[in-house]
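With the first letter of the sequence shown counted as 1, position 70 gets the number 70 in the UniProt record's numbering; the numbers rise by one all the way through. Virtual Cβ for every residue (Gly too), placed ideally from N, Cα, C. Before any comments, here is the structure.
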Amino acid sequence: MSAPDRDPADVPPFDQARAEAAVRELLIALGEDPDREGLLDTPARVARAYAEVTAGLRQRPEDVLTTTFDLGHDEMVLVRDIELWSMCEHHLVPFTGVAHVGYIPAESGKITGLSKLARLVDVYAKRPQVQERLTTQVADALMRILEARGVIVVIEAEHLCMTMRGVRKAGARTITSAIRGSMHNAATRNEAMSLIMHGTR
Ligand SMILES: Nc1nc2c(ncn2[C@@H]2O[C@H](COP(=O)(O)OP(=O)(O)OP(=O)(O)O)[C@@H](O)[C@H]2O)c(=O)[nH]1
Ligand SMILES: [Zn+2]
């Protein structure tokens, strides 16, 4: 199994001491003096920040999609504009934007709490990522855990590796989508896309 699909139970605990040592080394490599006053606490701080933004490596989607209700509701549920912060695995700098997540519940009407959809996005966003994988992982988790009949996930994000450095194209937004199950039905997919693009207005 490739690393991105690794069971979070197999991911070793975050190694704060090792991360601190690595940041100290990086500062030296940059030509900085890690012992000057302003940088004294930086390795520990940066290590804690990385622990926070990669916490999803140790979280299972099953653990956030816990609250489910059998409401008998079997029509589309869609949450738009879920704020998203992730880390590009190529440069370890952020990409940020929004996720739109919609699903058609199982015939039993098994649904989850709305906030859990946002939590699910976070589980996968808080890992070193590429936007394409993030999109498919969220879609596949909803299909598997909620036994949804159909799923659509659209993510629109700006990659700081393309804006603060490199090609430097501020404002360029990358859009990825994953469509599963009955969401392939043209009418259903069009309804979902229209809601994502325009809401109900
Ligand atoms: N497909 C995909 N590419 C990404 C994502 N995040 C960053 N990238 C790209 O990953 C690529 C890495 O390319 P490299 O040529 O190895 O790295 P680089 O020399 O820093 O490339 P530049 O960014 O073009 O300067 C770049 O084209 C990035 O734009 C992502 O989520 N998905
Ligand atoms: Zn990047």
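Whose CA, out of the options, lies closest to the CA of residue i?
i: Glu132; options: Tyr103, Met76, Ala148, Ser86; result: Ser86
i: Arg119; options: Ser194, Leu27, Thr67; result: Thr67
i: Gln16; options: Gly56, Glu52, Glu32; result: Glu52
i: Tyr103; options: Ala44, Phe95, Lys116; result: Lys116
i: Gly113; options: Leu78, His90, Arg127; result: Leu78
i: Met197; options: Arg45, Asp81, Val151; result: Asp81
i: Leu71; options: Pro105, Ser177, Met143; result: Pro105
i: Leu84; options: Ser194, Leu195, Glu158; result: Glu158
i: Pro94; options: Pro128, Val123, Asp122, Tyr124; result: Pro128
For residue i, name the three-state secondary structure that DSSP assigns.
i: Ala148; result: coil
i: Met1; result: Low per-residue confidence applies at Met1: pLDDT is 47, beneath 50, and the placement is therefore not dependable enough to give any value.
i: Cys44; result: A quick correction: the sequence has Ala, not Cys, at residue 44. It is helical.
i: Pro128; result: strand
i: Glu20; result: helix
i: Gly56; result: helix
i: Lys169; result: coil
i: Leu37; result: According to the sequence shown, residue 37 is Glu rather than Leu. It is helical.
i: Arg133; result: helix
i: Glu107; result: coil
Determine the extent of the beta strand (DSSP E) in which residue i is found, giving its start and end residues.
i: His198; result: Unbroken run through His198 is the alpha helix (DSSP H), 186-198; no beta strand (DSSP E).
i: Glu83; result: 77-88
i: Ala99; result: 94-104
i: Thr68; result: 68-70
i: Gly31; result: It is not in any beta strand (DSSP E) - Gly31 carries neither H nor E in the DSSP assignment.
i: Arg180; result: 174-181
What separation, rounded to the nearest whole angstrom, lies between the Cα atoms of residue i and residue j?
i: Asp74; j: Ser182; result: 12 Å
i: Ile175; j: Gly97; result: 10 Å
i: Asp63; j: Ile111; result: 15 Å
i: Leu146; j: Tyr50; result: 30 Å
i: Cys161; j: Glu32; result: 23 Å
i: Arg165; j: Val23; result: 20 Å
i: Ala44; j: Thr200; result: 47 Å
i: Met1; j: Gln59; result: Note on Met1: pLDDT 47, under 50, position unreliable in the model; no value is reported.
i: Asp5; j: Ala186; result: 30 Å
i: Thr54; j: Lys126; result: 5 Å
i: Ile152; j: Thr163; result: 28 Å
i: Leu195; j: Leu65; result: 23 Å
i: Gly109; j: Arg180; result: 18 Å
If we define contact as Cβ-Cβ less than 8 Å, is residue i a contact residue for chain B?
i: Arg58; result: This model lacks chain B altogether; it includes just one protein chain.
In the DSSP assignment, find the unbroken alpha helix (DSSP H) run with residue i in it and report its ends.
i: Val64; result: 61-64
i: Val11; result: Careful: Val11 lies outside any alpha helix (DSSP H) and carries neither H nor E.
i: Thr163; result: 160-163
Below 8 Å on the Cβ atoms is my contact criterion, and I expect residue i with residue j to pass it. Report the Cβ-Cβ distance as a whole number of Å.
i: Val154; j: His100; result: 5 Å
i: Leu57; j: Pro8; result: 6 Å
i: Arg149; j: Glu107; result: 7 Å
i: residue 207; j: Ala170; result: Since the displayed the chain opens at 1 and closes at 201, residue 207 lies outside it and no answer follows.
i: Ala19; j: Ala47; result: 4 Å
i: Leu39; j: Leu27; result: 6 Å
i: Val123; j: Pro61; result: 5 Å
i: Val130; j: Glu89; result: 6 Å
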